[in-house]
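Single-structure report; data block below.
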Ligand code: LLP
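Numbering (our numbering), first residue to last: 2 to 435.
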């Protein structure tokens, strides 16, 4: 198992943020999401060091769908990043964290009228428009409120980035954005430009998630700039900004060669600057929207072993006290993770096992066919890299309470999100008439 950030093997027991996992388990129980605050900050710093230019303003917009809590909003705010939401719920959570709403951007392919109203009432920076009906809704709401709202249009640029089918977002038949290859886009642009209460700023794209090949980003930049030029020729110089979305790939297992966040940011800036010069173009601002690459490796899930089983077929299972309810990614995307018995860090991984959760589904396997030290009941198993799309995609399947999230740093641990209680899970549940 690869160690990340402040993870350290202290005499056979793993520590994160200077606290041993055995102490964390005792104090906060398991399953437990552990966030290494220093690693989140380091990742943000890498982006900040790399993603800056003398030619245009830059913004790093944290995609809150990866992980959202008051704690992460505090960190993102402290480092001066913007934040991206895709639903009323995310907007509400961000506002409740006292994050400055004028640094919030709203994405999403089907924003409700209520959500659009929230965007305008909360005074967010900009809406990323997805389609024509949305333009009309924004215009109607904004004009009733006598407000003008900044907007970018999400483009579908037809890039087929190398990633899992479900997390590809920019193929020609994707549900996201308006295709630049469809002539309808000019009508959409006209509608946006003619909307008095919309201040058009430029274009947005997001070519997918877990992307390792920089060529995909370069291709996206080429297409975005060429299209922006085409639009400026037709409608005047109206494209001031582009937003290139997120998607930078991280290490889950040895198969992944993680993107170096600082290096990748520098490469993107360099490519943009060169391309703008070659095309004699100017932009006021360029943004990126990383989510996973800021939080994934900083988060881990700690479980307790409740049992082991060797099947008649010869498969060895280790049963842990969580599973698909707190990490749906293996079942949904066949995502792979590493793992270790973290109270036995000095014991050689000797057994090929599958680590299974407690949900009533055969597919509830957290880690498949992985070598770990011999496990006994009561041992602690840790899966790293669950910091993105772990907690945010958790469910109450089988009425499993969503585990607590604890932030650790410099020997201190602070609960960021409390563990759900059984009572929390039935709070909205009421009797019916018989
Ligand atoms: N911007 C937009 C418009 C997006 O749709 C996404 C992710 C991001 C930014 C952030 O991408 P990131 O840097 O995190 O790759 N649940 C899936 C991932 C879905 C990503 C959806 N959009 C998973 O667990 O792999």
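Think of the CB as a built atom: it goes at the ideal place given N, C-alpha and C, for glycine as much as any other residue.
Non-local beta-carbon contacts of residue 30 in its own chain, meaning distances under 8 Å to residues more than five positions away in sequence, involve 405, 420 in chain order. No residue range can be given for residue 68, since it is assigned to no alpha helix (DSSP H) and is classified by DSSP as neither H nor E. Within the stretch 80-109, the runs of alpha helix (DSSP H) that reach at least 4 residues and sit entirely inside it are, in chain order, 89-97. Residue 59 sits in a strand when the DSSP states are folded into three classes.
Residue environment for residue 344: buried (at least 16 other C-beta atoms within 10 angstroms of its C-beta).
Counting only runs of at least 4 residues, the stretch 200-243 fully encloses the following alpha helix (DSSP H) elements, listed from N- to C-terminal order: 215-236.
Residue 199 sits close to residue 136, with the two beta carbons spaced by under 8 Å. Taking non-hydrogen atoms of the ligand LLP into account, the C-beta of residue 104 is found less than 7 Å away from none of them. Residue 79 and residue 241 have their alpha carbons spaced roughly 27 Å apart.
At a cut-off of 3 residues, the continuous stretches assigned as beta strand (DSSP E) that sit fully inside the stretch 336-400 are 352-357, 366-373, 381-385.
Judged by the Cβ position, residue 255 fails to qualify as a neighbour of the ligand LLP at the 7 Å threshold, every heavy atom of the ligand being at least this far.
Considering only 179, 147, 146, the residue with the shortest C-alpha distance to residue 159 is 179. Runs of the alpha helix (DSSP H) lying entirely within the stretch 14-49 and spanning at least 4 residues, in chain order: 22-29. Sorting 43, 374, 35, 84 by C-alpha distance to the C-alpha of residue 261 places 43 at the top. Contact between the stretch 21-36 and the stretch 311-327 is established, with three or more Cβ pairs separated by less than 8 Å. By the neighbour-count criterion, in which a residue is buried when 16 or more other Cβ atoms sit within 10 angstroms of its Cβ, residue 385 is buried.
In the DSSP assignment, residue 318 falls within the unbroken beta strand (DSSP E) covering 317-321.
Remark: C-beta atoms of residue 110 and residue 176 approach each other more closely than 8 Å. Shown here for residue 346: same chain residues with a beta carbon closer than 6 Å to its own, the five before and five after excluded, namely 10, 13, 15 in chain order. Scanning its chain for C-beta atoms nearer than 8 Å, with the 5 sequence neighbours on each side dropped, one finds around residue 54 the residues 270, 273, 274, 287, in chain order. If you draw a straight line from the Cα of residue 371 to the Cα of residue 311, it comes to about 15 Å. Secondary structure of residue 420 (DSSP, three-state): coil.
For the pair residue 323 and residue 304, the CB atoms are nearer than the 8 Å cut-off. With fewer than 16 other Cβ atoms from the protein chains shown falling within 10 Å of its own Cβ, residue 432 counts as exposed.
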